[in-house]
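Student:
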Amino acid sequence: MATSSGRAILSPPDLQPAAKDDGIDVFWHEGMLKHNTGRGVFDTGMEPDFLDVLENHPENSDRVKNMVSILKRGPIALFVSWHQGRAALISELLSFHTQEYIDELVEADKKGQGKIICPGTFLNPGSWDAALLAAGTTLSAMKHILDGHGKITYALVRPPGHHAQPTQADGYCFLNNAGLAVQLALDSGLNKVAVIDIDVHYGNGTAEGFYRSNRVLTISLHMNHGSWGPSHPQNGTVDELGEDEGFGYNLNIPLPNGSGDRGYAHAMTKLVVPAVEEFRPELMVLVVGQDSSAFDPNGRQCLTMEGYRKIGQIVREMADKHSNGCLLIVQEGGYHVTYSAYCLHATLEGVLNFPAPLLPDPIAYYPEDDAFTAVVVESIKKYHKQFVPFLK
Ligand SMILES: [Zn+2]
Numbered sequence: 085m086a087t088s089s090g091r092a093i094l095s096p097p098d099l100q101p102a103a104k105d106d107g108i109d110v111f112w113h114e115g116m117l118k119h120n121t122g123r124g125v126f127d128t129g130m131e132p133d134f135l136d137v138l139e140n141h142p143e144n145s146d147r148v149k150n151m152v153s154i155l156k157r158g159p160i161a162l163f164v165s166w167h168q169g170r171a172a173l174i175s176e177l178l179s180f181h182t183q184e185y186i187d188e189l190v191e192a193d194k195k196g197q198g199k200i201i202c203p204g205t206f207l208n209p210g211s212w213d214a215a216l217l218a219a220g221t222t223l224s225a226m227k228h229i230l231d232g233h234g235k236i237t238y239a240l241v242r243p244p245g246h247h248a249q250p251t252q253a254d255g256y257c258f259l260n261n262a263g264l265a266v267q268l269a270l271d272s273g274l275n276k277v278a279v280i281d282i283d284v285h286y287g288n289g290t291a292e293g294f295y296r297s298n299r300v301l302t303i304s305l306h307m308n309h310g311s312w313g314p315s316h317p318q319n320g321t322v323d324e325l326g327e328d329e330g331f332g333y334n335l336n337i338p339l340p341n342g343s344g345d346r347g348y349a350h351a352m353t354k355l356v357v358p359a360v361e362e363f364r365p366e367l368m369v370l371v372v373g374q375d376s377s378a379f380d381p382n383g384r385q386c387l388t389m390e391g392y393r394k395i396g397q398i399v400r401e402m403a404d405k406h407s408n409g410c411l412l413i414v415q416e417g418g419y420h421v422t423y424s425a426y427c428l429h430a431t432l433e434g435v436l437n438f439p440a441p442l443l444p445d446p447i448a449y450y451p452e453d454d455a456f457t458a459v460v461v462e463s464i465k466k467y468h469k470q471f472v473p474f475l476k
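The sequence shown begins at 85 in our numbering and counts up by one.
1) Have a look at the DSSP bridge pairing and note the partners of Thr-205.
2) Does the stretch 367 to 377 come close enough to the stretch 320 to 335 that 3 or more CB-CB pairs lie under 8 Å?
3) What alpha helix (DSSP H) runs, 4 residues minimum, are completely inside the stretch 119 to 197?
4) From Ala-265 to Ser-224, what distance separates their C-alpha atoms?
5) Taking 7 Å as the cut-off, decide whether the C-beta atoms of Thr-237 and Leu-412 are in contact.
6) Assign Asn-464 to one of three DSSP states: helix, strand, or coil.
7) Would you mind listing the beta strand (DSSP E) stretches within the stretch 259 to 347 that are 3+ residues and don't spill past its ends, in chain order?
8) With hydrogens ignored, establish whether the beta-carbon of His-285 is closer than 6 Å to any heavy atom of ligand 1.
9) Given a threshold of 16 other Cβ atoms within 10 Å of its Cβ, counted over all protein chains shown, does His-420 qualify as buried or as exposed?
10) Are the CB atoms of Glu-416 and Val-371 within a distance shorter than 7 Å?
11) Shorter than 6 Å, the distance from the beta carbon of Asp-127 to the closest heavy atom of ligand 1, or not?
12) Less than 6 Å separating the Cβ of Gly-417 from some heavy atom of ligand 1?
13) Can you confirm whether the stretch 194 to 214 touches the stretch 384 to 397 when touching is taken to mean that 3 or more C-beta pairs between the two stretches lie within less than 8 Å?
14) Report back the beta-carbon spacing between Arg-400 and Pro-441 to the nearest angstrom; my notes put them in contact at under 8 Å.
15) Leaving out the 5 sequence neighbours to the left and right, which residues in its chain are closer than 6 Å to Pro-97 when beta-carbon positions are compared?
16) Starting from Leu-387, follow its DSSP beta bridges and name the residues at the other end.
17) State yes or no: is the C-beta of Gly-289 nearer than 6 Å to some heavy atom of ligand 1?
18) Relative to the alpha-carbon of Tyr-185, which residue among Asp-453, Leu-162 and Asn-260 has its alpha-carbon at the smallest distance?
19) Excluding the five sequence neighbours on either side, which residues of its own chain have a C-beta within less than 6 Å of the C-beta of Thr-205, listed in chain order?
20) Return the Cβ separation of His-306 and Pro-250 in integer angstroms, given the expectation that the two are a contact with Cβ distance under 8 Å.
21) Considering only DSSP beta bridges, list what Cys-410 is partnered with.
22) Does DSSP put Leu-442 in a helix, in a strand, or in coil?
23) For the beta strand (DSSP E) holding Thr-422, just list the boundary residues, first then last.
24) Is the closest heavy atom of ligand 1 to the C-beta of Gly-281 under 6 Å?
25) How is the beta strand (DSSP E) around Met-368 delimited, first residue to last?
26) Between the alpha carbons of Lys-276 and Ile-303, how many angstroms are there, rounded?
27) Going by beta-carbon coordinates alone, are Leu-436 and Asp-106 separated by less than 7 Å?
28) Just to confirm, is the Cβ distance from Leu-230 to Ser-272 under 7 Å?
29) With a threshold of 6 Å, establish whether the CB of Gly-320 neighbours any heavy atom of ligand 1.
30) Using a Cβ-Cβ cut-off of 8 Å (strictly less than) and excluding sequence neighbours within five positions of Glu-433, which residues of its own chain qualify?
31) Does the distance from the C-beta atom of Gly-169 to that of Leu-217 stay below 7 Å?
32) Look up Thr-251 in the DSSP assignment and say whether it is helix, strand or coil.
33) With respect to 6 Å, is the separation between the Cβ of Gly-396 and the closest non-hydrogen atom of ligand 1 below this value?
34) Below 6 Å, is the gap between the Cβ of Arg-254 and the nearest heavy atom of ligand 1?
35) Provide the residue(s) that pair with Ala-219 in DSSP beta bridges, ordered along the chain.
36) Quick check on Asp-491: does DSSP put it in helix, strand or coil?
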């Protein structure tokens with residue numbers, strides 16, 4: 085139950101995850117707050133003289149400050165252990181990105197004047213250090229699992245990474261944090277990693293990085309936004325299945341706007357779970373973006389805390405079944421400054437399998453209409469059965 089202030093009141097039995105020794109190791113470094121994305125009209129940085137009040141860029145430090153505070157002061161705090169993140173070495177970045185691209189970013193940073201790397205993506209003084217911290221912190225979270233120190237880790241990082249491709253930045257992202265971590269797992273001897281990306285946008289950078297690999301199954305559930313220009317040439321459509329050895333190992337699940345909690349649960353159950361079942365990964369990576377929420381300025385997929393909780397449970401179940409409970413969670417988008425933090429809390433509640441919600445939803449009132457999503461999911465399933473060799 086909740087008080088009028090929205091604080092949860094929990095009875096002791098609710099405060100127990102399904103497995104008693106469960107907990108999440110969170111990797112974080114406050115230096116990531118120094119990436120200043122500025123203000124403007126939405127994310128353009130444009131300052132027309134006919135507006136008196138501009139907005140913060142959606143990918144701002146406030147959103148992440150709230151994610152930190154809800155994990156420190158929310159009911160889940162008892163099950164969270166904090167670890168200091170670190171900066172990645174330039175040499176570590178080359179496992180996913182090209183030397184030319186990294187040189188370009190280093191040069192842009194040296195000039196120190198701030199630069200638009202691609203639309204909406206600003207490299208200001210402090211941004212490159214933050215990007216290195218995001219990459220290194222995600223690598224530390226992965227290494228924690230690989231070294232056997234913990235099973236569930238969460239890299240609370242910004243700037244985000246899943247749009248960053250081996251050769252270029254895109255959509256607020258410079259370095260592909262999750263991609264670097266997956267490559268570390270492969271280089272450490274793992275053979276099969278499954279990446280499930282529930283950010284509202286297509287995880288095009290991660291898909292591109294492993295597009296020719298059959299060792300990494302990349303699955304992305306996203307809004308059907310298509311290509312948004314030269315920095316994001318991929319469409320995120322069902323026919324982008326991978327190439328060469330990687331054919332069939334990139335599964336795109338573009339969902340209709342407003343798919344909501346039931347629509348996402350349906351897509352997870354009907355498409356994601358069976359594919360992971362066939363693939364049998366040794367490690368699971370959940371790439372989370374709370375921009376799939378009902379109140380996000382950048383997305384229209386209409387998840388509420390309940391939907392995020394359910395996704396967390398489903399992913400945990402897959403990790404338990406296939407990868408000995410090992411799960412790396414990597415933070416991506418999520419631009420509603422307060423609700424994103426609540427949705428993160430709900431996701432982690434799901435991952436920890438609490439029998440009842442720990443926090444009430446402060447603003448969910450979105451009426452769902454998932455009938456169309458069910459039809460789309462059926463057609464994607466048929467398509468996968470027809471064209472994806474390992475799902476035939
Ligand atoms: Zn996003």
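Where a beta carbon is used, it is the ideal one built from N, C-alpha and C, also for glycine.
Tutor: Walking through what the data contain:
1) According to DSSP, residue pairing for Thr-205 in a beta bridge involves Cys-202.
2) These segments do not touch.
3) Listed in chain order, they are 145 to 157, 174 to 177 and 183 to 195.
4) Spanning the two alpha carbons is a distance of roughly 8 Å.
5) For Thr-237 and Leu-412, yes; Cβs fall inside 7 Å.
6) The residue asked about is misnamed: residue 464 is Ile in this sequence, not Asn. Helix at Ile-464.
7) The qualifying runs are 277 to 281, 300 to 307 and 334 to 339.
8) Yes; taking the cut-off as 6 Å, the Cβ of His-285 has a heavy atom of ligand 1 nearer than that.
9) Buried, since its Cβ has 16 or more Cβ neighbours within 10 Å.
10) Going by C-beta atoms, Val-371 is nearer than 7 Å to Glu-416.
11) Checking every heavy atom of ligand 1 against the Cβ of Asp-127, none is found closer than 6 Å.
12) With a cut-off of 6 Å, the C-beta of Gly-417 is classified as near ligand 1, since at least one heavy atom of the ligand falls inside that distance.
13) Output reads no: the stretch 194 to 214 does not touch the stretch 384 to 397.
14) In fact, because the Cβ distance is near 15 Å, the residues do not count as touching under 8 Å.
15) Below a pLDDT of 50, predicted positions are generally treated as unreliable, and Pro-97, at 49, falls in that range; the measurement from the model is reported next regardless. Excluding positions up to five away in sequence, the list is empty.
16) Under the DSSP definition of a beta bridge, Leu-387 partners with Ser-377.
17) No, the Cβ of Gly-289 stays beyond 6 Å of every heavy atom of ligand 1.
18) Among Asp-453, Leu-162 and Asn-260, the Cα nearest to that of Tyr-185 is on Asn-260.
19) Closer than 6 Å at Cβ, skipping near neighbours: Ala-253 and Tyr-256.
20) Actually they are not in contact, since the Cβ atoms of His-306 and Pro-250 sit about 20 Å apart, beyond 8 Å.
21) Paired residues: none, contrary to the question.
22) In this structure, Leu-442 counts as coil in the three-state DSSP scheme.
23) Where Thr-422 is concerned, there is no enclosing beta strand (DSSP E), because DSSP gives it neither an H nor an E.
24) Going by the sequence as given, residue 281 is Asp instead of Gly. Not so, every heavy atom of ligand 1 lies at least 6 Å from the Cβ.
25) For Met-368, the uninterrupted beta strand (DSSP E) segment begins and ends at 367 to 372.
26) Cα to Cα, Lys-276 sits roughly 14 Å from Ile-303.
27) In contact: Leu-436 and Asp-106 (Cβ atoms closer than 7 Å).
28) Yes. Within cutoff.
29) No; taking the cut-off as 6 Å, the Cβ of Gly-320 has no heavy atom of ligand 1 nearer than that.
30) Excluding sequence neighbours, Glu-433 sits near Ile-160, Arg-393, Gly-396, Pro-441, Leu-442 and Leu-443.
31) Inclusion of Gly-169 and Leu-217 in the CB contact set at 7 Å is warranted, their separation being smaller than that value.
32) Per DSSP, reduced to three states, the secondary structure at Thr-251 is coil, with no helix or strand assignment.
33) No, the beta carbon of Gly-396 sits no closer than 6 Å to any heavy atom of ligand 1.
34) It is Asp, not Arg, that sits at residue 254 in the sequence shown. No, ligand 1 has no heavy atom inside 6 Å of this Cβ.
35) DSSP output for Ala-219 lists no bridge partner at all.
36) A question about residue 491 goes unanswered here, because the residues of the chain that appear run from 85 up to 476.
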